[in-house]
Amino acid sequence: MAGQWTSASGRAPGEGAPRAPAPPFTREHEDFRQVTRSFVERELRPHAQEWEDARWFPNEVFRLLAAHGYLGLKYPEEYGGQGGDYLHDAVFAEELARCGSGGLAAGIGAHTGIATPPIWKFGTEEQKRRFLAPAIRGEKIAALGITEPGAGSDVAGIRTHARRVDGGFVVNGSKTFITNGVRADFVVTAVRTTPEGGHRGLSFLVIEKGMEGFSVSRKLDKLGWHASDTAELAFDDVLVPEENLLGEENRGFYLIMANFQWERLLMALGAVGSMQATLERTLEFARERRAFGRPIGRHQAIRHKLAEMALKLETGRALTYNALRLFAEGHDAVREVTMAKLKTQRDAFEVADAALQIHGGAGYMKEYEIERALRDLRLGPIGGGTDEIMREILGRQLGL
Amino acid sequence: MKICVLVKEVPDAAVEKRMDPSTKRLDRSGEKNLNPFDTHAIEAAMQIKEGGAVDVDEIVAVTMGPESAVRALHKAVSLGADRSVHLTDPALAGSDVCATGYALAQVLKAESPDLVLLGQQSDDGECYTVGAVVADHLQMPSLTQVIKIDVQDGKLRCERQAEYGYDTVEVELPAVISVGDAINEPRYPSLKAIMGAKKKPLDTKSAADVGIDPSRVGEQGSRTAVLAINPPPAKEPGEIIEDEDTDETVQKIVSWLEERKLLA
Chain A
1 MAGQWTSASG RAPGEGAPRA PAPPFTREHE DFRQVTRSFV ERELRPHAQE WEDARWFPNE
61 VFRLLAAHGY LGLKYPEEYG GQGGDYLHDA VFAEELARCG SGGLAAGIGA HTGIATPPIW
121 KFGTEEQKRR FLAPAIRGEK IAALGITEPG AGSDVAGIRT HARRVDGGFV VNGSKTFITN
181 GVRADFVVTA VRTTPEGGHR GLSFLVIEKG MEGFSVSRKL DKLGWHASDT AELAFDDVLV
241 PEENLLGEEN RGFYLIMANF QWERLLMALG AVGSMQATLE RTLEFARERR AFGRPIGRHQ
301 AIRHKLAEMA LKLETGRALT YNALRLFAEG HDAVREVTMA KLKTQRDAFE VADAALQIHG
361 GAGYMKEYEI ERALRDLRLG PIGGGTDEIM REILGRQLGL
Chain B
1001 MKICVLVKEV PDAAVEKRMD PSTKRLDRSG EKNLNPFDTH AIEAAMQIKE GGAVDVDEIV
1061 AVTMGPESAV RALHKAVSLG ADRSVHLTDP ALAGSDVCAT GYALAQVLKA ESPDLVLLGQ
1121 QSDDGECYTV GAVVADHLQM PSLTQVIKID VQDGKLRCER QAEYGYDTVE VELPAVISVG
1181 DAINEPRYPS LKAIMGAKKK PLDTKSAADV GIDPSRVGEQ GSRTAVLAIN PPPAKEPGEI
1241 IEDEDTDETV QKIVSWLEER KLLA
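Keeping their order, the protein sequence lines are chains A and B.
Going left to right, the first sequence walks through residues 1 to 400 as the working numbering numbers them.
Going left to right, the second sequence walks through residues 1001 to 1264 as the working numbering numbers them.
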């Protein structure tokens, strides 16, 4: 049976059935979720192992996603987008977690979730035509370049420097941990544009593949996210023309801050999707695997573990959906987004850890994909702002 | 050419189905979905339209069902139908296959399509017969379990899945054709298509609107009645062969199969 509106098979009755929409999602979002889930499970998931082993997923994936509209869900139709909004992108982010490869989801998410939104929000009409439209078509792949060997969440410490010259800028410096960095056709790059740098001295330049002096110095090897490419980038006297300045000069810090909320929400949504998928699989396993004469799920030790997993999922979902609702309605949601990010990332890792424990020896084996989920999810409490940074933001929100 | 596609709202495949002992009907509460077999019928219509062998003016999705069935029509439209017709009337509740076929035929008479397509079965009732009943009322030729359709000189050349192979059948239009799920791979509706579906025309018709004789529909108008429902007999437990000595295990399995003459 192959109806795209059909729930995926292979689940116990009553499980994974489309559910009544939970705010901020509506019926229409749930319809879109159903189709997206089917797309992810049938078009992406079957390749996850192969792409993980290859330490790379093919660029054609972007074309495939573009052909089905997934690279432009929230963007206006005039640039080739679908004319949806943040909530549609949220559905995609949550369902993408079911593709079985954190690296694949990260590569796609870097393109749609963090690298192209600044162009949409801060770009000129011409920049949107040059970069956003081909990115939505899957013809150009995007990356966001902020992190440096000496600057992560502490963005004021960015040292990559752009010196004004006639007609543009000359860029020198390096970036690291850049998702899609190896394959990117353009990198939305944070640079220091005053000698002092800091909050008032940051700007964004779109640096394109092929610009003289711009190179990939290293493809990094990682604990997880194997299918994604993570790069170290080098800029050696790269001449970047004036028309590649994104947003106002020296106002880059605001662009970073605006982007962070959405990035963190996407990470929270991904964690919720992942916890859901992990719980479903583990429940199935706990029903089938027998020990001491009954399914292991009927043993209290296992049953309680599953109850805890379900609780983490539901708390994470409630926090995340609420933060998403506030964000989508245009409210200041820094506190809620921070909480959602902080709560879900460690929890998703712990849920995967519990799932591995329940699977026993099988969980330690590659074929069950649990060990992969565990490795992939370990990035959650680090990327997009560490758990420690999240706690700092929350603490300051409390006026301390 | 005008193509009408009959669609149905059914309980979602992932929802555990149960019979309501008081009405002796399927309990249709819970999440519902567009009958997956019908998505293949819509895709078949789309492929005829896009194939270019014949000009298709419009594809119309038609359903009969309660208010909620509108969602199935939206889904049908998101997959490519141009507009939809919703036959809904309390008088139709409890209609059996004959009554349903008659009611749908009344809607189709008003539409006068050149081709009627539908999924070979619904995911809930699984009667496989609505297409044939509709065709009888419309006095059109009917083919079932079709897995290939080619348009040739204004006729259709169809392959149907038969018990021992495939029949190739030529059929004159207008005709009613029910398709199997092997016919195609339905497309994924885009977000734009899903959001746009509600904006496409949808006509709501009552039984009277399409001239349905009330004595021929509903529970009273149905010619069949469900007298009793019983759960299927419990499956006998299978034989479990523990693998202690593999040679012995294989021998046990082989002799088990031989006893049942399953090995040639």
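No residue lacks a Cβ here, since even glycine has one placed at the ideal position from N, Cα and C.
Secondary structure of residue i, DSSP reduced to three states
i, result
"residue 1191/B", "helix"
"residue 1108/B", "helix"
"residue 1114/B", "coil"
"residue 1177/B", "strand"
"residue 1161/B", "strand"
"residue 299/A", "coil"
"residue 1127/B", "coil"
"residue 410/A", "Nothing can be reported for residue 410/A: it is not among the residues displayed for chain A, which extend from 1 to 400."
"residue 1239/B", "coil"
"residue 1033/B", "strand"
"residue 116/A", "coil"
"residue 173/A", "strand"
"residue 128/A", "helix"
"residue 390/A", "helix"
"residue 148/A", "strand"
"residue 1063/B", "strand"
"residue 376/A", "helix"
"residue 186/A", "strand"
"residue 1183/B", "helix"
"residue 1250/B", "helix"
"residue 1166/B", "strand"
"residue 1218/B", "helix"
"residue 1011/B", "strand"
"residue 1101/B", "helix"
"residue 219/A", "strand"
Residue nearest to residue i in terms of C-alpha spacing, selected from the options
i, options, result
"residue 87/A", "182/A, 238/A, 23/A", "23/A"
"residue 264/A", "340/A, 393/A, 318/A, 223/A", "340/A"
"residue 1039/B", "1118/B, 1217/B, 1232/B", "1118/B"
"residue 1153/B", "1142/B, 1133/B, 1165/B, 1170/B", "1170/B"
"residue 336/A", "321/A, 347/A, 348/A", "321/A"
"residue 325/A", "144/A, 308/A, 266/A, 70/A", "266/A"
"residue 1191/B", "71/A, 54/A, 238/A, 128/A", "71/A"
"residue 1209/B", "1253/B, 1016/B, 1106/B, 1248/B", "1106/B"
"residue 1013/B", "1031/B, 1019/B, 1021/B", "1031/B"
"residue 311/A", "354/A, 294/A, 296/A", "354/A"
"residue 273/A", "242/A, 158/A, 313/A", "313/A"
"residue 236/A", "163/A, 379/A, 295/A", "163/A"
"residue 78/A", "61/A, 346/A, 132/A", "132/A"
"residue 1193/B", "1232/B, 1177/B, 1077/B", "1077/B"
The alpha helix (DSSP H) enclosing residue i, as first and last residue numbers
i, result
"residue 52/A", "48-53"
"residue 1137/B", "1130-1138"
"residue 257/A", "252-288"
"residue 1261/B", "It is not in any alpha helix (DSSP H) - residue 1261/B carries neither H nor E in the DSSP assignment."
"residue 1057/B", "From DSSP, residue 1057/B is part of no alpha helix (DSSP H); its letter is neither H nor E."
"residue 35/A", "27-39"
"residue 134/A", "133-136"
Extent of the continuous beta strand (DSSP E) to which residue i belongs
i, result
"residue 1145/B", "1142-1152"
"residue 359/A", "Unbroken run through residue 359/A is the alpha helix (DSSP H), 334-359; no beta strand (DSSP E)."
"residue 156/A", "That residue, residue 156/A, is in no beta strand (DSSP E); it is neither H nor E in DSSP."
"residue 1038/B", "Run containing residue 1038/B: none in the beta strand (DSSP E); it sits in the alpha helix (DSSP H), 1036-1051."
"residue 1085/B", "1083-1087"
"residue 241/A", "230-241"
"residue 1202/B", "1202-1205"
Under 8 angstroms from the C-beta of residue i: neighbouring residues of chain B
i, result
"residue 88/A", "1191"
"residue 35/A", "1188, 1189, 1194"
Contact list for residue i against chain B, beta-carbon separation under 9 angstroms
i, result
"residue 39/A", "1188"
"residue 32/A", "1189, 1191, 1194, 1195"
Neighbouring residues, chain B, relative to residue i (Cβ below 7 angstroms)
i, result
"residue 28/A", "1194, 1195"
"residue 82/A", "1190, 1191, 1192"
### Query
Listed from N- to C-terminal order along the chain, which residues in the segment 288-311 of chain A have their beta-carbon within a distance smaller than 8 angstroms of any beta-carbon of chain B?
none
### Task
Determine which residues of the segment 65-80 of chain A have a Cβ less than 7 angstroms from any Cβ of chain B, and write them out in chain order.
68, 69, 73
### Message
So if I threshold CB-CB distances at 8 angstroms, which residues from the segment 90-106 of chain A count as touching chain B?
### Response
none
#### Entry: chain A contacts made by the segment 1064-1077 of chain B, where a contact means CB separation under 8 angstroms
1071, 1074, 1075
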